[in-house]
Each structure stands twice: as structure tokens, then as C-alpha cells.
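Chemist: If you read the first sequence in this note's numbering, its first letter stands for residue 116, the second for the next number, and so on. Ideal Cβ placement from N, Cα and C applies to all residues, glycine included. All figures in this text were calculated on a predicted structure; none of them were measured in a lab.
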Amino acid sequence: MDKYEQVIELAKRRGFLWNSFELYGGTAGFYDYGPLGSTLKRRIEQIWRELFVIQEGFMEIETPTVGIENVFVASGHVGGFSDPLCECKACGEAFRADHLIDKLVPVADALSNEELDRIISENQVKCPECEGDLGDTYEFNLMFKTQIGPGSGRQGYMRPETAQGMFVDFLRLARFYREKLPFGATQIGKSYRNEISPRQGVIRLREFTQAEAEIFIDPEDKSHPKIGRFADTVLNLYSDAAQEKGEIEKMTIAEALEKGIIAHEFLAYQIGLTNLFLQRVGVAPEMLRFRQHKKDEMAHYAMDCWDAEVSTSRFGWVEVVGIADRTDYDLCAHASVSKTELSIYREYPEPKMVTQFVVKPNMGKLGPLFKGKAKMVAEALKELSREELEKGEIKVKIDSGEVTVPEDAVQFAEETVKVSGENIVPHVVEPSFGIDRIFYTVLEHAFDEEAVPAKEDDEEESRIVMRFRNETAPVQVAVLPLLTRKELIEPARNIESKIREQGLLVSYDDSGTIGRRYRRNDEIGTPYSITIDYDTLEDNTVTIRERDSMKQVRTSVYGIEEVLYELMYKNRDFESAGVAL
RNA sequence: GCGGCUGUGGUUUAGCGGUAUGACAGAGGCUUCCCAAGCCUUUAACCCGGGUUCGAAUCCCGGCAGCCGCACCA
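1) Could you name the residues of the same chain whose beta carbon sits closer than 7 angstroms to that of residue 703, not counting the 5 residues immediately before and after it, in chain order?
2) For residue 297 and residue 340, I'd like the C-alpha separation in whole angstroms.
3) Given a cut-off of 8 angstroms, decide if residue 594 and residue 604 are closer than it, judged by their beta-carbon atoms.
4) Report the residue ranges of all beta strand (DSSP E) runs contained in full by the segment 269-343; include only those spanning at least 3 residues, in chain order.
5) In three-state DSSP terms, what is residue 188?
6) From residue 699 to residue 372, what does the alpha carbon distance come to, in whole angstroms?
7) Output needed for residue 560: all residues of its chain with C-beta closer than 7 angstroms, excluding positions within five of it in sequence on either side, in chain order.
8) Should residue 179 be labelled buried (16 or more other beta-carbon atoms within 10 Å of its own) or exposed?
9) Using a threshold of 8 angstroms, state whether the C-beta atoms of residue 119 and residue 312 are closer than that.
10) Would you kindly report the start and end of the unbroken beta strand (DSSP E) that includes residue 459?
11) Measuring only the C-alpha atoms, how far is residue 309 from residue 652?
12) Count the other CB atoms, across all protein chains shown, that sit within 10 Å of the CB of residue 263; report buried if there are 16 or more and exposed otherwise.
13) With DSSP run on the structure shown, which of helix, strand or coil describes residue 456?
14) Reducing DSSP to helix, strand and coil, say where residue 589 ends up.
15) Between the alpha carbons of residue 520 and residue 176, how many angstroms are there, rounded?
16) Short of 6 angstroms in beta carbon distance, which residues of its chain neighbour residue 563, apart from the five on each side in sequence? Order them along the chain.
17) Give the secondary structure of residue 651 by DSSP, where H, G and I count as helix, E and B as strand, and everything else as coil.
18) Can you give me the start and stop residues for the beta strand (DSSP E) that residue 564 sits inside?
19) Going by DSSP, what residues sit across from residue 422 in a beta bridge?
20) Three or more C-beta pairs closer than 8 angstroms, one from the segment 501-515 and one from the segment 419-438: is that the case here?
21) Nearest to residue 695 by alpha carbon, out of 627, 685 and 664?
22) Give the range of the alpha helix (DSSP H) segment to which residue 635 is assigned.
23) So residue 617 and residue 682 are supposed to be a Cβ contact under 8 angstroms. How far apart are they, rounded?
24) Is the segment 523-541 touching the segment 428-441 in the sense that three or more CB pairs, one from each, lie closer than 8 angstroms?
25) What is the DSSP secondary structure of residue 118, counted as helix, strand or coil?
26) Give the range of the alpha helix (DSSP H) segment to which residue 154 is assigned.
27) Which partner residues of residue 698 appear in the DSSP bridge assignment?
28) In angstroms, rounded to a whole number, what distance separates the CA positions of residue 113 and residue 184?
29) At the level of alpha carbons, what is the spacing between residue 470 and residue 449?
30) Give a yes or no on whether the C-beta atoms belonging to residue 329 and residue 299 are separated by under 8 angstroms.
31) Assign residue 510 to buried or exposed, taking buried as 16 or more other Cβ atoms, counted over all protein chains shown, within 10 Å of its Cβ.
32) Per DSSP, what are the beta-bridge partners of residue 575 in this structure?
33) Where residue 331 and residue 191 are concerned, what is the direct C-alpha to C-alpha distance, given to the nearest angstrom?
34) How do the segment 279-287 and the segment 438-452 stand: do at least 3 beta-carbon pairs fall below 8 angstroms, yes or no?
35) Report the three-state DSSP secondary structure of residue 227 (helix, strand or coil).
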């Protein structure tokens, strides 16, 4: 049994993760989060909110998980999020149809499936593996389709990322933030991709949770005022150059910026923040690296892109966060499809006097002369240079051919105008987190099996402990009466409710021997256990047992809920919680 | 989507033509018992659908799921 199997087996058994629809046989790519899983996931999301929403001030929004066609036409997902596949009838191997013929035609990826099939048959393209005949090309789009409204309602798609909802709201967001860059919005929610064959557990899901921030910044100023905060942070950097050499470099963020490895401060700050977040939820620092996209793998619109990758037992390095400078690509794409300018007006510190050559077509003259074509003529005139306009005979080309424009129908001059600002299209820095993958990593990195001395002789036995960080542990305190006796149950129940009222998630457990119960709570990562025994009845003291060290202290029941709260959230030293036993 | 292997209580296993073995876990009780194995009691399974057969967990076919390769991976 490898570690992955051990972790998944425990996760299933203890209520972290279950296969979805198991009752009906299950379906690949879907997982249920059980009681402890949901709680752990919420705690991870809550830490993300704390860092990105509260500390950074990027407010959370919520947009539909179903999107209309135009949104994904603009984002490129309708056209580009699918691949033409074609299978060999003999050996069953599947190929990208466009790749099979890209030597034969100039623009293979722009062809329709019918055209691809035609070219394949005309050129007698055979299976590269076995020379067998190829079947028909079919399109596999990774978006789930749905219908909006009844009958022939509008085509809808389940969103493949939460990002587009934030781009679409750009103008509203800009106004909300009083049109000052930088500003950002965040969203934590489900996204959907109809993966061809998802079979890596929670690493590749058809419905998954993303936490994304879209931060709109000044394209000409990508500095970050708080970069100093992470200047000395040492990262495991796996830059483009480092990948050539095959070795990860340890480097501070300041150094990476100085050497130009990370494109700019704003991106570097997000990398620092991501590093902080991942470690805070429980990713082991030595199992975390930041890998730069190589020039040829980077999306064409991105200028620099870094993935946070974590080391896993079975899948090796897995991407859990992508941090990209997407430039103005998304805003321009939506501007073009929606025919709406998506920009922000920025005033110059001082108005500028700008001298420019201005062409003013006289519409009063052009109108009667050219009728319906007048507008087209005017547009064409504006494109002409001073020389062309001064030639005496002014000719412009419009769709119906060349026309001659009388000199008095157009005026032109050098003009000096006052420009007090300009419309700029912000660039977007996007950190995008795969919460489910992070969730799995937290489980795997918390999982520990250690040998402990057994009760009898010198045998050793193994103890499974989930070493969750206090902040993420789903169950925070266990209350355990030493024996199932009425005189112990009652005070135990009282302590349970005091701790609950303090806001801690507490579980009461009186089933089985005390040792068994400790082990059970170790397996779900409960940081502290309170044991009520016969001494409690005498002197109102109880035992607090710490999960990681198995050490115990004796302390008073009075105020125990506050002691526990401080242990959980205020980094209180365990030894200070009572008298060591 | 293709090929190979697999599918038995919650987990893990034995059985491979006559309704199922064990372990661990779970529940209740006993117990002044603080680190899983004490005692008593107890819950609980043949992935789904067809076929062959007097009879199928077992054989055959199909589906679903898992693992491993191939392909895919904004």
C-alpha cells in the first residue's frame, strides 16, 4: 500500500472524501466531501479569505456557474477548449486530427472536422502507430454544455474557471473601487471541465473548487508597495533556466527580482503570498516549489507565469496554484466581443499639451456628394497623411472603388490640444488556486505513521497521526470520559458544552478504551483531548493531551475553554497549559 | 476514448458452480483502565444488468468503478 492509498483509505474511512454517487456505482471525476472533509476544506478556504480578501482587500464576488455563449467565445473556451480527436480503427489509438496533417496544410488547427477528414482521406493518412485506417474526426470540447430556458433556449456552458465572471464585471468593479488601480476581485467557487478520463482521485476532477483573484494593475507600473514584506522570503525556485539544468534553486524573492527571473514586483508579491498561504494551511515547505512556465508552454497572452507545485507520493510534482500575468488579453477579448470599451481613465499628474495632425471631414459637403457612402469616405479621409491631402486631388479607396473628394470637403491642421489623461486597459495578475488539490496535499503532508513503544515488553506498534496545523484541524478538541460511568459522563458533558460555547468544534467520545479513543482522534488529527477521570470529581482537574507529542498536562476545569482557545489560535505553549504529568 | 489487470461487510481478506472465511474498524454492556490490542454481546458484504444452469460471488456478455500504460490536460 503506497502513501496515496493509505491517505485515501483513511480519508474514506474517517469521512473526509467519498466517491460521489457510490450508491449507483459511482462516476469518475466526482468526489463528495464528508463531514470532516467539508470542515477541513472550509478551514482552508477561510485562511485564503483571511489573506486575500481581508489582508489584501480584494473583495469576494459571486457569479453564476452557468455562463452564456458569448462569455466563452470571448475567453476562447468555445473555440480553443476542445480538440479534434480521431481514432485508429485497427489499434484504437487516439490522435489529434490536426496534428496528423499539420505538415500537409498551412493552418491545420483552423480547419473544420469535415475538412480534416477530407484531407486525411485525400492524402491517405494512416495511423502513425500501426498504419491502420483512421475513423472520423470528432470534436471534444472540455466544457459541459447546457440549455438555458426551455425549447431552443440559449446555449449555456458550465464555467471552466471562475475568472471570466470577474472579467465580465470589470466596469462595475472599477466603479466600486472608485477607478483607482490596482484593485482586485476574488471568487471561491465551483468550476467544471468534462475531462476525458479523470483518474487521479481528487487531483483531476470534473467538478472542482477554485479560489481565484483577478488583480487589475497599471500596465506601466508593476511595482508593489509591500514587496519588502517578502523580500527575504526564500523560495524553491525552478525557473526556466533552472529547468534546463534540472535543479531547483533556493533564492530570496529580492534576488529573483534583481536577476530578472521573476518578471516584476507585483507578480513576485503574489508568489510570496501564495508561499505563505500554502505553508499556513500545512503544505510542507521542502515539498513546495515554484516552477516557471517555459517560453513555449506559456499561453500566448501571458508574459510570465509561475506554478506552485507540491510533491506528492504518487503523482510527483503537482500544480496546485498558477500565478500569471495575463496582460490585457482578457479585457481586450471581452471588449472586442461585447463591443464595449473596457478601460479605466487615468488622469496625468499634469495635463499634456499634445500637437497632432487632425483631419476634419466636412460632413455637410460629403453627405450630399456621397450619400450612404459618406461615412465610409470620412473614415478613409482620417487615415490620410498631410502629404496626401495636400496633393490637390484627394483620392480615397472605399469598398465600391476609388472616389475623388473635392478639396473643400475636408479640412486639416496641426492642432495643439490639452490632454489631461488617457484610457488605459489594465493588465491582470491572476493567482488561481486549485482547492481540491491543495486539500489532498494537506492530507498527504499531514499524514504520518510513527512507531511508538507498546505497552508490553519492547515491541513497537505504529500510530497513524494526521498532523494538521491547529488552524486547519477539522475537529479541534475531543472530550473523553475515562470510563463510561454516569459519574464521569455528566462532568464530561458539561466540559463539552463549555468548549462548544467558546466556538471550538468539539467531539465527545466515550466508546472503547481510552487508548483506542486517543488513536481514533490521532487519525482525524484532533490537536487536543480532554480526559475526565475520578480525580476530576475530587479536585476539578482534567488531563489535556497533545496530539503530536502525546504529552499530558493536568489543569483546572475552570477556564479550560479559554486555555484551549489560546492553544488553538494564540500559539500558547502547551507546557503552560497546566502541570506536566 | 483504447488496451491490460481488478471489483466480496466501513476497511482489508478467504472462497472460484450448492448464499460466504477471518482480521481490523463500528455499536451496546462490564470495568477507578490515560495511549489501539481485557471480557461478554452485537451490526454488517458477493459493483450493476442480462445470459448459461435445477442452482452463479464463482462461467459468458454488456455496463459502471478502480489501478497501470497510451492519448488528452485552458
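Modeler: For this structure:
1) Nothing can be reported for residue 703, as the shown portion of the chain is limited to 116 through 696.
2) 11 angstroms
3) no
4) Correct list: 269-273, 298-307 and 322-332.
5) helix
6) This structure gives no information on residue 699, because the portion of the chain shown stretches from 116 to 696.
7) 397, 398, 399 and 402
8) exposed
9) no
10) 459-476
11) 60 angstroms
12) exposed
13) coil
14) The three-state reading of DSSP puts residue 589 in coil, since its state is none of H, G, I, E or B.
15) 54 angstroms
16) 580 and 582
17) Three-state result, residue 651: helix.
18) 562-568
19) 406 and 437
20) Fewer than three Cβ pairs drawn from the segment 501-515 and the segment 419-438 lie within less than 8 angstroms of each other, which leaves the two stretches out of contact.
21) Proximity to residue 695 across 627, 685 and 664 peaks at 664, based on C-alpha coordinates.
22) 629-638
23) Not a contact, Cβ separation roughly 11 angstroms.
24) no
25) helix
26) 150-163
27) Not covered by the structure: residue 698. The range shown for the chain is 116 to 696.
28) The question about residue 113 has no answer, for the chain in this structure spans 116 to 696.
29) Between the C-alpha atoms of residue 470 and residue 449 there is a straight-line separation of about 32 angstroms.
30) yes
31) By the neighbour-count rule (16 or more Cβ atoms within 10 Å), residue 510 is not buried but exposed.
32) 568
33) Linking residue 331 to residue 191 through their CA atoms gives a straight-line distance of about 20 angstroms.
34) yes
35) coil
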